[in-house]
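Under our numbering, the residue at position 16 of the sequence shown is numbered 16, and the numbers go up by one with no gaps. Cβ atoms here follow ideal geometry from the backbone N, Cα and C, with glycine treated the same way. So the structure is just underneath, and the comments pick up after that.
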Amino acid sequence: MPNVQIRPCWRRDGSGIYMVGEWHATQGAELVDVYLWLKDASGTAAYPASQALAYGGMGAYPANSSKQQWKQAEVGINLVQGAKYTVCLSVLPAGSAKPKITNSAVGGIQQSFTY
Numbered sequence: 001m002p003n004v005q006i007r008p009c010w011r012r013d014g015s016g017i018y019m020v021g022e023w024h025a026t027q028g029a030e031l032v033d034v035y036l037w038l039k040d041a042s043g044t045a046a047y048p049a050s051q052a053l054a055y056g057g058m059g060a061y062p063a064n065s066s067k068q069q070w071k072q073a074e075v076g077i078n079l080v081q082g083a084k085y086t087v088c089l090s091v092l093p094a095g096s097a098k099p100k101i102t103n104s105a106v107g108g109i110q111q112s113f114t115y
């Protein structure tokens with residue numbers, strides 16, 4: 001999306017794994033819809049399995065803004081030790097069509113990790 005920079009990442013807290021999506025506007029302000037999901041090594045949506053976690057109508061502001069420009073969600077499935085996973089993040093103009101995460105070609109911006 002023009003004028004918006006995004007960064008997917010993940011974090012581990014004890015036994016919990018969290019997907020994290022961050023975004024900010026490079027100029028001005030934008031209203032965006034944010035989508036987060038996890039793929040397994042085969043490229044299949046692992047969590048959630050059919051539709052990305054959606055955060056609609058979020059504000060995108062310059063990076064120095066004090067407003068929250070991130071979302072995180074705990075992965076709600078058991079992961080396989082030693083397996084590779086990919087956090088996927090898609091940020092689209094507010095009101096856009098949702099990404100079809102069941103299509104393995106749909107990936108947004110990605111960050112991989114090995115559990």
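Secondary structure note for MET19: its beta strand (DSSP E) is the uninterrupted segment 16 to 25. Inter-residue distance for VAL106 and ASN78 is about 23 Å (C-alpha atoms, whole angstroms). The Cβ-Cβ distance between GLU30 and ASN64 does not fall below 8 Å. According to DSSP, residue pairing for PRO93 in a beta bridge involves VAL32.
Checking the DSSP bridge columns, you'll see ALA60 partnered with GLU30. Following the DSSP letters along the chain, one finds ALA73 inside the beta strand (DSSP E) bounded by residues 70 to 74. The alpha-carbon of ASP40 is positioned some 10 Å away from that of THR114. Its chain contains VAL106 as the residues whose beta carbon lies nearer than 7 Å to that of LYS100, once the 5 sequence neighbours on both sides are disregarded; these appear in chain order.
DSSP places LEU79 outside both helix and strand once states are collapsed to three, so it counts as coil.
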